[in-house]
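Below you'll find the structure, written out as structure tokens, and then a few comments.
Numbering (the numbering used here), first residue to last: 26 to 321.
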């Protein structure tokens with residue numbers, strides 16, 4: 026089933042197979058993905074929760090615990106877990122599913138792993154489009170877990186209605202990152218693995234730093250694998266965000282630019298470009314800028 030109207034109808038009826046097919050079309054740019062994206066009607070009232078933080082903070086385990094708690098309350102949620110793609114073999118482990126295995130048979134949880142596929146930040150190149158497709162389904166919340174590197178925090182902050190930064194007691198060095206930018210985009214902090222030594226001190230220092238800001242940013246302590254602190258966190262997640270997301274227009278402008286760029290580059294065969302470039306580089310006076318002129 027690849028007819029856009031049939032897929033959209035299935036998505037709106039809550040059929041996971043239709044949603045999965047639509048996401049595959051969009052992620053791989055398979056026709057008729059463009060028609061589907063122009064036709065789908067995202068529900069803008071569905072909140073998107075961004076989960077970011079350094080590797081090893083337990084983001085996937087935390088999302089699993091949140092999913093377990095919310096579905097017990099009758100909520101239906103979608104989870105997008107983004108994994109990094111190797112720059113060498115272009116593969117991705119997509120290992121987040123392992124930590125969420127107990128949700129596989131949960132009819133109220135949809136889990137999809139995405140690879141960054143060369144995107145420089147922490148979200149997949151197609152995350153925005155895929156979130157729009159998911160918003161057409163009947164989910165109560167959408168979670169996007171990012172790769173905890175580099176530009177990911179800014180990207181997810183533009184996409185999400187609430188952005189949570191997950192840290193662990195050993196993240197003392199992360200305080201410098203918080204000072205230099207994370208505080209500007211986080212609506213909440215989670216100190217996970219809070220049963221470890223130094224957790225209380227770390228959380229208190231984080232709270233002191235947070236309270237110096239103009240608006241209140243909550244700091245939660247959790248032990249995700251034991252489900253501790255999850256109820257309080259979920260209660261806050263279900264509250265509407267009182268802060269306007271000023272980064273969203275910037276993210277949308279960047280996405281619009283990339284879409285326009287993509288359509289203008291559609292006639293260029295990348296493999297042919299690479300072969301031509303390899304041949305041109307044999308010339309002693311090779312200049313990449315002159316080479317590009319012949320392709321534009």
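Glycine included, C-beta positions come from ideal geometry on N, C-alpha and C.
Only a predicted model underlies this, so the values are computations on that prediction, with no experimental measurement involved.
Taking the alpha-carbon positions, what's the residue i to residue j distance?
| i | j | result |
| --- | --- | --- |
| residue 78 | residue 228 | 15 Å |
| residue 292 | residue 306 | 23 Å |
| residue 74 | residue 194 | 23 Å |
| residue 184 | residue 312 | 39 Å |
| residue 234 | residue 226 | 12 Å |
| residue 46 | residue 310 | 49 Å |
| residue 103 | residue 128 | 11 Å |
| residue 39 | residue 319 | 49 Å |
| residue 62 | residue 238 | 39 Å |
| residue 30 | residue 262 | 33 Å |
| residue 99 | residue 71 | 15 Å |
| residue 257 | residue 28 | 43 Å |
| residue 153 | residue 167 | 12 Å |
| residue 308 | residue 85 | 50 Å |
| residue 196 | residue 274 | 31 Å |
| residue 249 | residue 82 | 10 Å |
| residue 44 | residue 304 | 44 Å |
| residue 276 | residue 285 | 14 Å |
| residue 290 | residue 317 | 13 Å |
| residue 242 | residue 190 | 11 Å |
| residue 264 | residue 270 | 15 Å |
| residue 288 | residue 222 | 53 Å |
| residue 278 | residue 321 | 24 Å |
Should residue i be counted as a contact of the ligand MN given a C-beta to heavy atom distance under 8 Å?
| i | result |
| --- | --- |
| residue 283 | Of the ligands one can find in the structure shown there are none, so the ligand MN has no counterpart to examine. |
Which term fits residue i, buried or exposed, when burial requires 16 or more other beta carbons within 10 angstroms of its beta carbon?
| i | result |
| --- | --- |
| residue 42 | exposed |
| residue 315 | exposed |
| residue 299 | exposed |
| residue 108 | buried |
| residue 283 | exposed |
| residue 192 | buried |
| residue 251 | exposed |
| residue 118 | Since pLDDT at residue 118 reaches only 47, below the 50 mark, its modelled position is unreliable, and the value read off the structure follows with that caveat. With fewer than 16 Cβ atoms within 10 Å of its Cβ, residue 118 is classed as exposed. |
| residue 158 | buried |
| residue 58 | buried |
Identify, in the order they occur along the chain, each residue of the same chain with its Cβ nearer than 7 Å to the Cβ of residue i, setting aside the five sequence neighbours on each side.
| i | result |
| --- | --- |
| residue 246 | 216, 219, 224, 228 and 254 |
| residue 151 | 51 and 52 |
| residue 161 | 33, 36, 37, 65, 66, 67 and 68 |
| residue 260 | none |
| residue 101 | 133, 163, 164 and 165 |
| residue 266 | 186, 187 and 212 |
| residue 244 | 214, 216, 228, 231, 232 and 235 |
| residue 60 | 29 |
For residue i, I'd like the list of residues in its chain whose CB is within less than 8 Å of its CB, leaving aside the five on either flank, ordered along the chain.
| i | result |
| --- | --- |
| residue 155 | 48, 51, 52, 105, 137, 139 and 149 |
| residue 280 | 153 |
| residue 272 | 179, 182, 183 and 210 |
| residue 114 | At residue 114 the pLDDT is 38, less than 50, meaning the model places this residue with poor confidence; the figure from the coordinates comes in the next sentence. Closer than 8 Å at Cβ, skipping near neighbours: no residue. |
Take residue i and list the residues in its own chain whose beta-carbon comes closer than 6 Å to its own, dropping the five residues that flank it on each side.
| i | result |
| --- | --- |
| residue 302 | none |
| residue 116 | Its pLDDT being 40, under 50, residue 116 is placed unreliably by the model, and nothing is read from it. |
* To do: Could you say if the stretch 52-62 and the stretch 84-99 meet the contact criterion of at least three C-beta pairs nearer than 8 Å?
  => no
* To do: Could you tell me whether the stretch 207-218 touches the stretch 292-303, where touching means 3 or more Cβ pairs closer than 8 Å?
  => no
* To do: Check whether the stretch 128-140 touches the stretch 94-104, counting contact only when three or more Cβ pairs, one atom from each stretch, lie closer than 8 Å.
  => yes
* Asked: Counting only runs that start and end within the stretch 206-242, where is the beta strand (DSSP E) found for 3 or more residues in a row?
  -> 213-216
* In chain order, each beta strand (DSSP E) run of at least 3 residues that lies wholly inside the stretch 59-94 -> 73-77
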